[in-house]
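To start, the structure itself, in structure tokens.
Below is the structure:
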């Protein structure tokens, strides 16, 4: 058990430098082609593992957050478990007051072996491990900040955005955060969960987060929900409605998802 910490300026610079160097090595291995799992495996060599351990074990690159509760460093089955544990440890703080790169990146560093898994990860972009807090879209792709934001915003209804392995990007979260008015409505977590979450398999129903190129107008999936609610938002006060009320008013193309037989 430990308290959550934040990098000091020296520590944060060293972390960013470490990961940028690692990513450059991985890119060099790819020789201009798309980065492969082997490129990542070969890039994260003994030299970089030693550099990581030096940062991880240094006592002068970070400082404890005074009001942090104890955080249990354990193996997480998915990003929902990870986010719930982190947010509980930080629950004495207002989320938006501690929404800082020095904190998310320290957590990414301490959990690096769970979120950077050569042989399993399909990409190694720096924004996954070193957040640019001023870049709206990539900041949600950080493998700690993204899930923690979703769990803080939607609680148990964040599973559709977080029930993926800690080292995986969640596509439903990526598609969802692009839509400002949906993102800020807390009932929308429940709407998406009720329509598109497979309660047996504990994952988003495949093919619902975005339209396939072969069927861009596929009925009832999330892009259609986004478009319909954008229309409704012009004539109805969605902010005052419950998730059930929103789902009930959706047209019949959503019926198969309304029934959601996976419950």
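In the working numbering, the protein residues as written are 89 to 351.
Where a beta carbon is used, it is the ideal one built from N, C-alpha and C, also for glycine.
Counting only the same chain and skipping the five closest in sequence on each side, list residues whose C-beta sits under 6 Å from that of residue 203. Answer for residue 203: 231, 254, 255, listed in chain order.
By the three-class DSSP mapping on this structure, what secondary structure does residue 285 have? Residue 285 carries a strand assignment under DSSP once its states are collapsed to helix, strand and coil.
Simplified DSSP assignment, three categories, for residue 260: Judged by DSSP in its simplified three-state form, residue 260 adopts helix.
Please report the distance separating the alpha-carbon of residue 198 from that of residue 336. Distance between the alpha carbons of residue 198 and residue 336 is about 44 Å.
Would you mind sorting residue 201 into buried or exposed? The rule is 16 or more other CB atoms within 10 Å of its CB. exposed
Excluding the 5 residues flanking residue 344 on each side, which residues of the same chain have their C-beta closer than 7 Å to its C-beta? 308
Strictly by DSSP, which residues pair up with residue 269? BP columns for residue 269 are empty, so no partner.
Who are the near neighbours of residue 91 in its chain, counting only those whose CB is closer than 8 Å to its CB and skipping five residues on each side? The answer, listed in chain order, is 152, 153, 156, 157, 158, 159, 177.
Range covered by the beta strand (DSSP E) that runs through residue 346: Where residue 346 is concerned, there is no enclosing beta strand (DSSP E), although the alpha helix (DSSP H) around it starts and stops at 343-347.
Within the chosen definition, does the segment 118-134 reach the segment 171-190 through at least 3 CB pairs nearer than 8 Å? No, the segment 118-134 is not in contact with the segment 171-190.
Tell me, to the nearest whole angstrom, how far the beta carbon of residue 310 is from that of residue 241; I am working on the premise that it is less than 8 Å. Between residue 310 and residue 241, the beta carbon gap of about 17 Å keeps them out of contact (Cβ cut-off 8 Å).
Could you tell me whether the Cβ atoms of residue 270 and residue 314 are closer together than 8 Å? yes
Inspect the beta-carbon positions of residue 245 and residue 278 and report whether they are closer than 8 Å. Result yes, Cβ atoms of residue 245 and residue 278 sit closer than 8 Å.
How long is the line joining the alpha carbons of residue 222 and residue 268, rounded to whole angstroms? 16 Å
Helix, strand or coil for residue 212, going by three-state DSSP, please let me know. When secondary structure is reduced to three states using DSSP, residue 212 falls in the coil class, being assigned neither helix nor strand.
Distance, Cα to Cα, residue 96 vs residue 148? Looking at the two C-alpha atoms, the distance is approximately 8 Å.
Less than 8 Å between the beta carbons of residue 217 and residue 226, yes or no? no
Following the continuous beta strand (DSSP E) through residue 93, name the residue where it begins and the one where it ends. 93-95
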